[in-house]
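K.L.:
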Amino acid sequence: MSTSANEPEDLLGADPDSGARDLEEEVRQLRATLHKMKHEMAELSMRNEELEKELRRANRVISGAWEQLDVLRHSSSWRVTAPVRAFKTRLRGVLR
Numbered sequence: 003m004s005t006s007a008n009e010p011e012d013l014l015g016a017d018p019d020s021g022a023r024d025l026e027e028e029v030r031q032l033r034a035t036l037h038k039m040k041h042e043m044a045e046l047s048m049r050n051e052e053l054e055k056e057l058r059r060a061n062r063v064i065s066g067a068w069e070q071l072d073v074l075r076h077s078s079s080w081r082v083t084a085p086v087r088a089f090k091t092r093l094r095g096v097l098r
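Pasting the structure below:
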């Protein structure tokens, strides 16, 4: 009796146990890869949280600097010294 190429023993090879072992090994490798990827995702997630915290801290520093600059520019000393700064700017333009 001849067998066709679609029969299970032809797809798995002569030894059906060999095919099952191959599939089990592939499942084992896939599980190991999945475990590794989950671990990497957890590490990346922690790193992302650290970077977000660092970004928030930097944004607070920048915001504080802008506030200080705004206070300075609206101070009376800034307004009083405006003519001196303007003269200095014009003088630089002439001397170049």
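Per this note's numbering, the sequence shown starts with residue 3, numbered consecutively. Quick reminder that beta carbons are idealized off the backbone N, C-alpha and C, glycines included.
Glu27 to Arg62, Cα distance in whole Å?
P.N.:
C-alpha separation (whole angstroms): 53 Å.
K.L.:
Can you give me the C-alpha to C-alpha distance between Gly66 and Arg81, rounded to a whole angstrom?
P.N.:
If you take the alpha carbons of Gly66 and Arg81, they lie about 22 Å apart.
K.L.:
What does the alpha-carbon distance come out to for the pair Asp24 and His37?
P.N.:
Between Asp24 and His37, the C-alpha separation is close to 20 Å.
K.L.:
Does DSSP put Ser47 in a helix, in a strand, or in coil?
P.N.:
Ser47: helix per DSSP, three-state reduction.
K.L.:
With Arg87 as the anchor, note down where its alpha helix (DSSP H) starts and where it stops.
P.N.:
Start and end: 84-97.
K.L.:
Determine the direct distance from the alpha carbon of Leu53 to that of Asp17, and round the result to whole angstroms.
P.N.:
Whole-angstrom Cα-Cα distance: 54 Å.
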